[in-house]
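The numbering of the sequence shown is this note's numbering, which starts it at 366 and goes up by one. Accompanying notes for the structure given below.
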Amino acid sequence: MSTKQNHRPQDITELMLLIFRLNGTLLERGDQLVAHLGINSARWQVLGAVGLAGAPQTAPQIAARMGISRQGAQKQLHKLVEEGYFEVQANPQHARSPLYRLSALGERTVAGTQHSQTQWTEQLARQLPDADFAAACHTLRQLLSTLDALSPPIGEEP
């Protein structure tokens, strides 16, 4: 069974460039959305990963959940621990990969981000047609799945 190619490479490139731009805009607007809580989007991602999981998480688990590098997650975790958002616990499964649990401050901050994010997404939802949103989510899931399955060409010259 052959698969029919329905997308020109230029269309995929345009989609990827839009995703990069969207990511930058989301991070910028996210910074604005949570600034009153004393955090930025990078910290929001790390706090949110543990908040969404509902249980202590390791740096690799946080990174995987949010699609960021382990090193990036670890950098934010160090700062967030120092500032009292997380407590570090021993991990019985892996001695060198501690668990990070939200402190009382972390829980309050996650609750604040959830409140702000809910208001923001309700506003966005009123602006986006349902059919377009469903199609966009479907396409992005397919793109992510395909990218996860493919290895990028390494060292190939044009």
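In this text, a Cβ means the ideal position worked out from N, Cα and C, and glycines have one as well.
Taking the straight line between their C-alpha atoms, what separation do you get for residue i and residue j?
i	j	result
Y450	G471	4 angstroms
L493	Q479	20 angstroms
D497	L515	27 angstroms
S510	A400	33 angstroms
T390	L382	12 angstroms
K444	Q482	23 angstroms
H503	T378	18 angstroms
R439	L489	Note that residue 439 is Gln in the sequence shown, not Arg. Cα to Cα, the separation comes out at about 31 angstroms.
P517	A501	24 angstroms
Near residue i, what residues of its chain come up, given a Cβ to Cβ distance below 7 angstroms and the 5 sequence neighbours on each side ignored?
i	result
W485	L398
V446	V453
G395	S406, W409
R435	A424, P425, A428
A499	none
Using beta-carbon positions only, say whether residue i and residue j come within less than 8 angstroms of one another.
i	j	result
V475	L442	no
L464	P421	yes
L402	G477	yes
Specify the secondary structure class of residue i as computed by DSSP and reduced to three states.
i	result
L493	coil
Q458	coil
L464	strand
E448	coil
Find the nearest neighbour of residue i within the set the options, judged by alpha-carbon distance.
i	options	result
I404	Y465, P425, R473	R473
I384	D513, M431, P425, L508	L508
A469	E448, L392, P517, D495	E448
D513	L417, S406, D376, A429	A429
T423	T390, Q458, G395, P374	Q458
N388	N456, I433, A499	I433
A418	S510, L467, R386, K440	L467
Keeping to the same chain, check which residues put their C-beta closer than 8 angstroms to that of residue i; ignore five residues upstream and five downstream.
i	result
S462	T423, A424, P425, N456
G437	A407, A428
I'd like the list of long-range same chain contacts for residue i, defined as Cβ closer than 6 angstroms, with 5 residues on each side in sequence excluded.
i	result
G416	V475
M431	Q410, A414
R386	none
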